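These notes are about the structure you will find just below.
There are 2 protein chains.
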Amino acid sequence: MHLYLHVNKKEVILSSALILLTEKGVHNTPMSAIAKAAGTGMGTIYNYFPNKESLINEIYVNIKVKEKSVFLDFDVEQPIKTQFENYLRSIIDFFIANPAYFKFMEQLQASPIITKESREEGGKSVASVHELLVKGQQERIIKAIELDEILMFIGGAILAYLRWYFHQSETKTTSLKNQAQMVWDAIKE
Amino acid sequence: MHLYLHVNKKEVILSSALILLTEKGVHNTPMSAIAKAAGTGMGTIYNYFPNKESLINEIYVNIKVKEKSVFLDFDVEQPIKTQFENYLRSIIDFFIANPAYFKFMEQLQASPIITKESREEGGKSVASVHELLVKGQQERIIKAIELDEILMFIGGAILAYLRWYFHQSETKTTSLKNQAQMVWDAIKE
DNA sequence: ATAATTGGAATGAATATTCATTCGTTAAAA
DNA sequence: TTTTAACGAATGAATATTCATTCCAATTAT
């Protein structure tokens, strides 16, 4: 019987790797460093992951899965604008609460390490907003622009805000409201 | 007297490296490959650059310098909206004309390889738009939101558009107009 | 004009290092 | 006891960097 909480070794490896990867970069985090940070031997990592790339891809997919779960609670009774604002706020709060997730995505989004399969898995995360925007277009609340372009635009705005946020030292409280305002003005009919 | 054009060896190395780096990624382009592509020996590269990271940083700064030069021709006689639209179009055209520059930036923008000095050097490139937006705010054409936030937002929109553009197979001619519309609606008072 | 000398750019094989992965051993569970 | 998991030193492939040598154009001497 242990006195400490039993934690899944795989998860310890994943979270240790996440921190090192974001802080030092992919080049500068050898597997030995991950093992040390996770408090395991190197061999143990290879019991859970066939290689370094798989480990990294698993982190990527894990984050995307969590990101997706942020959108689940849409309240269809609310006005579309409200729903959209809630969506924006949730996704931004999610990354603000998990800066390492954001840094990881920034660093690996364009990397050849991330496989096509992982990317496809990740792509699903916009499905629910897509739906919301379709409804918005039908009601002529949202501009009649191809949805992929609008989705990209929204993604860009979120990215821009988060970069700005993490770049700042002091936090401006009004800024998120401003951002939501700009995004809404951009996409509203 | 040579029949072929004399080309600067350093520039050949830089451009060869740019192509390999964007096509294969940083991990998968050894210095030997760069040397081969540039038609030089490996040692030659080290006559021009102290190490691989410096080479990469120099490419980064070079692109930023070129990017900056795109904005120079503002026509202050024109309405602010027109000037802004021209700016947007120029910067987007610049990257569309140089896809490798965009790919390079996508891959290295968040990398720890890029030094703080290089980033600071690169940051200067928004100075002229900054100025334009200040004027726009004074005339109450542009929203009274902190300029850094607006600038980030614009950056995000540009990024989103370019990602979308390179992602697409067929080119939609209306899309840039839509994008400009969204950005302007976002920032206008 | 021709030959001799020189400075430094170019070279790439050799070196040193880094690091992903393996595997034989040990420890813990069942 | 047998099975399973953990371990990390050893391995070797990959590759960044070095440096002794070659080569060539420009300069100087004959």
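Taken in sequence, the protein lines are chains Y and V. For what it's worth, my numbering labels the leading residue of the first sequence as 379, then goes sequentially. For what it's worth, my numbering labels the leading residue of the second sequence as 379, then goes sequentially. The C-beta atom is built at its ideal place from N, Cα and C for all residues, glycine as well. Please read these numbers as outputs of a predicted model, since none were measured by experiment.
Expressed to the nearest angstrom, what Euclidean distance is found between the alpha-carbon atoms of residue i and residue j?
i        : j        : result
Y:Val443 : V:Gln516 : 45 Å
V:Leu383 : V:Lys513 : Summary for V:Leu383: the model assigns pLDDT 40, below 50, so the residue's position carries little reliability; its value from the coordinates is reported in the next sentence. Distance between the alpha carbons of V:Leu383 and V:Lys513 is about 47 Å.
Y:Ser570 : V:Thr400 : Because chain Y here runs from 379 to 567, residue 570 of chain Y falls outside it and cannot be looked at.
Y:Gln456 : Y:Leu510 : 11 Å
V:Leu450 : V:Ser506 : 8 Å
V:Pro428 : Y:Lys430 : 29 Å
Y:Leu540 : V:Thr418 : 43 Å
Y:Trp562 : Y:Leu433 : 38 Å
Y:Thr551 : V:Gly403 : 39 Å
Y:Ser496 : V:Lys566 : 39 Å
V:Met379 : V:Ile474 : Low per-residue confidence applies at V:Met379: pLDDT is 29, beneath 50, and the placement is therefore not dependable enough to give any value.
Y:Tyr465 : V:Tyr426 : 50 Å
Y:Phe452 : Y:Ile441 : 20 Å
V:Ala416 : Y:Ser553 : 48 Å
V:Glu524 : Y:Glu527 : 26 Å
V:Thr549 : V:Asp471 : 13 Å
Y:Lys387 : Y:Ile412 : 12 Å
Y:Lys414 : Y:Val385 : 16 Å
Y:Val390 : V:Ile492 : 29 Å
Y:Gly501 : V:Val454 : 43 Å
Y:Leu529 : Y:Ser394 : 32 Å
Y:Leu392 : Y:Lys494 : 21 Å
V:Trp542 : Y:Asn476 : 26 Å
Y:Phe531 : V:Phe531 : 10 Å
Exposed or buried, residue i, counting other C-beta atoms within 10 Å across all chains shown (16 or more means buried)?
i        : result
V:Gln557 : buried
V:Phe544 : exposed
Y:Ser547 : exposed
Y:Asn406 : exposed
V:Val504 : buried
Y:Lys555 : exposed
V:Lys521 : buried
V:Lys481 : buried
V:Met420 : exposed
Cα-Cα, which of the options is closest to residue i?
i        : options                                   : result
V:Met409 : V:Gly403, V:Ile397 and V:Ile423           : V:Ile423
V:Ala535 : V:Ile520, V:Arg518, V:Met560 and V:Leu525 : V:Met560
Y:Ile469 : Y:Ser489, Y:Ile397 and Y:Glu445           : Y:Glu445
V:Glu499 : V:Asn435, V:Asn425, V:Ala395 and V:Leu398 : V:Asn435
Y:Ala478 : Y:Leu529, Y:Leu396, Y:Gly533 and Y:Glu527 : Y:Leu396
V:Ala564 : V:Tyr426, V:Ala411 and V:Lys459           : V:Lys459
Y:Ile519 : Y:Thr549, Y:Ile491, Y:Phe462 and Y:Ala488 : Y:Phe462
V:His508 : V:Ile492, V:Val390 and V:Gly533           : V:Gly533
Y:Gln485 : Y:Tyr438, Y:Gly501, Y:Leu529 and Y:Asp526 : Y:Tyr438
V:Arg467 : V:Glu524, V:Gln487, V:Pro490 and V:Leu537 : V:Leu537
V:Ala488 : Y:Val385, Y:Lys388, Y:Lys387 and Y:Met483 : Y:Met483
V:Gly490 : Y:Leu392, Y:Val390, Y:Phe531 and Y:Leu398 : The amino acid at residue 490 of chain V is misidentified as Gly; the sequence shows Pro. Checking every option, the nearest Cα to that of V:Pro490 belongs to Y:Leu398.
In chain V, which residues lie less than 9 Å from residue i when you measure between Cβ atoms?
i        : result
Y:Ser553 : Ile523, Glu524 and Glu527
Y:Lys550 : Glu524 and Glu527
Given that residue i touches chain Y, what residues does it touch there, using C-beta distances under 7 Å?
i        : result
V:Ser432 : None at all; the shortest Cβ gap to chain Y is about 15 Å.
By the criterion of Cβ-Cβ separation under 9 Å, what are the contact partners of residue i in chain Y?
i        : result
V:Val507 : Result: empty, since nearest Cβ-Cβ is about 14 Å, beyond 9 Å.
Which bits of chain Y does residue i rub up against, with CB to CB less than 8 Å?
i        : result
V:Asn556 : Lys521, Ile523, Glu524 and Glu527
V:Ser489 : Gly403 and Gln485
V:Arg467 : Going along chain Y, no residue has its Cβ under 8 Å from V:Arg467, so there is no contact; the nearest lies around 16 Å.
List, in chain order, every chain V residue whose beta-carbon is nearer than 8 Å to that of residue i.
i        : result
Y:Leu537 : Gly534, Leu537 and Ala538
Y:Asn406 : Pro490
Y:Met560 : Lys521, Ile523, Ile528, Phe531, Ala564 and Ile565
Below 7 Å on C-beta distance, what does residue i contact in chain V?
i        : result
Y:Ala415 : Residues of chain V passing the Cβ test: none, with the nearest at roughly 17 Å.
Y:Asp563 : Asp563 and Ala564
Y:Arg541 : Met530
Does any heavy atom of the ligand SAM sit closer than 7 Å to the C-beta of residue i?
i        : result
Y:Ala535 : The ligand SAM is absent from the structure shown, which contains no ligand whatsoever.
Task: Whole runs of the alpha helix (DSSP H) within the segment 418-467 of chain Y, excluding any shorter than 4 residues - done: Annotation: the segment 418-467 of chain Y contains the following complete segments of the alpha helix (DSSP H) (minimum length 4 residues), in chain order: 420-426 and 430-448.
Task: Runs of beta strand (DSSP E) wholly within the segment 523-547 of chain V (minimum 3 residues, chain order) - done: Counting whole runs of 3 or more residues, the segment 523-547 of chain V contains no beta strand (DSSP E) stretch at all.
TODO: Mind listing, in chain order, the continuous alpha helix (DSSP H) runs of no fewer than 4 residues lying wholly within the segment 471-504 of chain Y?
DONE: 477-486 and 494-501
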